[in-house]
Each structure stands twice: as C-alpha cells, then as structure tokens.
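Taking the numbering used here, the leading residue of the sequence shown gets 3, the next gets one more, and so forth.
Note that beta-carbon positions come from the ideal geometry of N, C-alpha and C, so glycine has one too.
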Amino acid sequence: MLDYLYHKRLKQDLEQWVEAGWVSSSGAGQILSNIEKGDGSSRLPMALAGIGVVCVALALAAFVAANWDGIPRMVKLTGIFLLVLASHGLAAFCASKGRRELADLATAFASLTFIVGLALVGQIFHLPSDWVGGTFLVCLGGLAAALLTGSRASLIIGAIAAISWQISRAELPSDPLTVNMIGIAFLAAVVFHAVKHPFILSRWLATALLLISFGRVITDFATGTDMYSDEQWLMLITGFACLAVLMVQVPAIIDMAIKWASSYPQRRLGHWLLMSSLQNTGLLILALMVVLSLMGVDELEDHTLLEGFASTPTMTVGILALATTVLGALLSFKTSKALVLFGAAFLALCAVLLPLLLPDIILLSALALGASIALVMLGTLYRNAVWSLGGYGALAAVSLWLLYETVGSLLGQALFFLVAGVVLLVIAFIAMKFMRRQAAKPDQRGGQEVRS
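Here it is in structure tokens:
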C-alpha cells in the first residue's frame, strides 16, 4: 500500500519535473519503467518462508504438548534448549555467508521456540503462572535476540510482548518507579534497534510503545486519584497533548541545530526516519486532542489547569513543551517555514489547555477552529499528507460539532457556513500573498532553509 502511494506521488512529481526541465522525458520514462518492474515478486519467497517458520513453530508446540506425558522431562527441556541454540547457530552461519534474510528467519524461529518452551514449561511447572510474567520473559528473550543479532522479526516479537506487558501490568503489586524504569529500558532497546536497523514496522512499534509507556507512567504517578477518574483522564489529555508537541517540535529543533552547525542530516538514516514517524504520530495526536478538548469542554470547566499538571510526568512534559516552543521560535527566526510549524503546534496546544483556564465556549470554538486550520496549512506547506489528513480530520470534527451545538435553524446554518467560508478565504488570501512574497525574494537562502 505504501509503495503504491509512493509510486503514484512519484509519477505526479515526474510530470512536473519534466515540464520544469529538471528531468528529461526519456529519463522519466526509464524511472517509471524501473519502478513498474518491482511488482513485489522478489519478496514473495521470504514472505512465504516467514509464514512457514511460524507454522513449523506451532507444529513443534502441538507435537510436544500432545506427547508431554510420553517424553521424559529432561528430554523435553534439553530438546527445547538445544533447538533454540541450534537456531541461533544457523542464524550466525547464514549471517556469515551474507544471507541476511535467512539469518533473520532463523533468529525468529529461535524466538518462537523460546516462547513455545515458556508456554509448555509454564503449563507444568507454573513458572510464568500469569500473563504479566509470561510476556515479561518473552520480551526479554525477543529483545535480547534482536539486539544481539539485529533480527527484525525478533524485535517485532519483543516489542509486541513489551506492549502487552505494559498494558497487562495494571494490577502488578510492585513499586511504580521500578516497573516504569523497566518499561523505559524496554522502550530504549526497541528505539535503539529501530534506529540501528531501520524498518517501518519497527518504527511503528517503537512509537506505539512510547505512547503506551507514557500513559502507564501518568496513571502510575497520578497519586490521590481513582483509576479512570475525571482527574486521571484530565492528566492524560494534557500529558498527551504536551507529549505530541514534543514529538512534533524536537525533530524540527534537531534539524535546525544541525543546520546551524553546517552539517545537513541524512534523512535516510534510521534516526531521521524514526523522527519523521514521531512527527507524524505527534501531529495526529495533537489534532485529536484539539477535538477532544472542545467536545469535553463541559466536563473540563469544573477543573483547573493545575489539576491537569498535578503529577510529575505531566508537569515535566508541560515544561519541556513550553521550552521547545520558545527554543524553536528562537532558532527559526530566519526560517519562516519552521516558524509556521512551531506556531501551529503552540496554537493547537493552547486550544487543548485553554478550557482549563477560560471556559468560554465562543473563544474556545474559535481557537479550536483556528488550530485545525493551522494544522491543515502546516501539512500543505510541508507537503505532508499525514499532517494534512490530521488537520482536515480535526477541522471536519470541529466544524460538525460547532454546527450541532451552536446552530439551531437553517438561517443559523447559512450564517455559520458563510462566516467559516469567509474566514477560510481570508486565510487563503494571506497565505497566497505570503508565498508570493517568499518566491519573489532572491534565492539567497540556499542552505539556510530547513529541509522538510
């Protein structure tokens, strides 16, 4: 699906590049011919092999479970241990021969065999007697195999186990600081692997684990509140809004810092790919928080801003979000494009937090509508489809909510759409003048423009 979208976008860009004279017509034809050859058939054998590895591991588990009483205990445990060891040995042999894909599959089979061994042993000896303990051990095994061998398949197993452990450890009678430090260690391992061995699924899992771990930290340190109480939900909304601002702004700040150091980042490296994923996710979360804060304004009016930052995690991310906004504004004083990014993110954050300071429905509605439009403009300016999707989604949700809550007649609906249309036309006119002014300036910026 992602390849299809990329190829479609590339074809549109090639048409514009040919018209501009940047690419010759024959060169564009060769590029299109080359991408059409990549029909995915080269990946088919490894995809089938991956499914086969899972089937063999399941067959092994079923066979051992069916003959559990007939096989001596030491034979079973020794056999599982030797099978894991042999699989890793095969992976090392394949890696030495340059067969990276086969080595990854062998490591994945070793991780699956380890999981099978835990399940079977736990059935008899009750070692991982609960789901939390089982997922914890699976996470340790999967991440260890992934970090030692670079296996992406083992990383997927370990990351999924880490996510499951974070979700299921709600009733774990342990010190919150200890379990959260363990969770941070798991997150660091997944992020390190995603940077060291770039893979889109690894980045998605790292981002998901970051969000879930942050949510667990907030709920664990929300002292004096009941589980899923209004105060806890308030902390989650404010905390995730500030975290989303950090996810959007920190990559941009790093980008500009490298620019000022005269060393441009190579965006094909794993850390820049991960930064891009974090930015996309952060902006989608920020758009969602804008909508939720407006729809829940009636519930938020009984609470104060201090209640939203009553816990240490929310207070920390709030201070960091404010600091990155100020720092980004200072660094982008010569880069109007980046300044729009920090301004839009700050406006969206204000739309989320203002209901806790001033529960004025008219002001909040205008601010939420303005923040949604700013996110749409940001996605258009950066030519980022994900950002535009988040902005348009927030704009549609806010508009429908305002139409439902504030308009009660056909005349009122007409007035609402008239005002909204006029506002959009004015913003479009201002943006057009701004872009023309930027295009009219002599092209002396060169390396001064931050790469998007």
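- In the same chain as GLY395, and ignoring 5 residues on each side of it, the C-beta atoms closer than 7 Å to its own belong to ALA289, in chain order.
- Taking one beta carbon from each stretch, the region 106-118 and the region 89-96 have 3 or more pairs nearer than 8 Å; the two touch.
- Contact between the region 374-382 and the region 320-334 is absent, with fewer than three C-beta pairs closer than 8 Å.
- DSSP, read as helix, strand or coil, puts ASN282 in helix.
- Pairwise C-beta distances place the region 331-338 out of contact with the region 269-283, as fewer than three of them are shorter than 8 Å.
- Here DSSP, grouped into helix, strand and coil, assigns LYS435 to helix.
- Taken in chain order, the whole beta strand (DSSP E) runs of length 3 or more contained in the region 120-206 number zero.
- The Cβ atoms of VAL192 and ALA161 lie closer than 7 Å to each other.
- Under the rule that a run must span 4 or more residues, the alpha helix (DSSP H) segments found entirely inside the region 321-364 read 338-355.
- The three-state reading of DSSP puts TRP24 in coil, since its state is none of H, G, I, E or B.
- Judged by beta-carbon spacing, ARG385 lies beyond the 7 Å limit of SER279, meaning their Cβ atoms are not closer than that value.
- Check the Cα spacing between LEU356 and each of ALA340, ALA373, LEU343 and GLY217: the tightest is with ALA373.
- For PRO74, the number of other beta carbons within 10 angstroms of its own is below 16, and it is reported as exposed.
- Spanning the alpha carbons of VAL197 and LEU276 requires a straight line of approximately 7 Å.
- The beta carbon of VAL86 is closer than 6 Å to those of ALA112, THR115 and PHE116 in its chain, skipping five residues each way along the sequence.
- The C-alpha of LEU351 is placed about 6 Å away from the C-alpha of ALA243.
- Beyond the five residues adjoining it in sequence on each side, TRP19 comes within less than 8 Å, by CB distance, of VAL25 and ALA30 in the same chain, given in chain order.
- In the assembly as shown, MET76 is an exposed residue. Its beta-carbon has fewer than 16 other beta-carbons within 10 Å.
- Cβ-Cβ distances below 6 Å link ALA399 to VAL293 in the same chain, with the five nearest sequence neighbours on each side left out; the list follows chain order.
- When only Cα atoms are considered, SER390 and VAL354 end up about 19 Å apart.
- Between the alpha carbons of PRO315 and VAL219 lies a distance of about 7 Å.
- Residue state for LEU271 is assigned as coil, using DSSP reduced to three classes.
- Judged by DSSP in its simplified three-state form, ALA105 adopts helix.
- Contact check for ALA163 against CYS141 passes: the beta carbons are separated by less than 7 Å.
- For the 7 Å CB-CB criterion, PHE348 and THR327 form a contact.
- A straight line joining the alpha-carbon of GLY393 with that of THR80 spans about 57 Å.
- THR137 places its beta carbon less than 7 Å from that of SER166.
- The DSSP-derived three-state label of GLY100 is coil.
- Nearest Cα to PHE83 within the set CYS96, GLY100 and GLY119: GLY119.
- Exclusion of the five residues before and after ILE255 leaves THR326, LEU329, GLY330 and LEU333 as the residues of its chain whose Cβ lies within less than 8 Å of its Cβ.
- By the C-beta density criterion, ARG438 is exposed, having fewer than 16 other C-beta atoms within 10 angstroms.
- By the beta-carbon neighbour count (other beta carbons within 10 angstroms, threshold 16), GLY54 is exposed.
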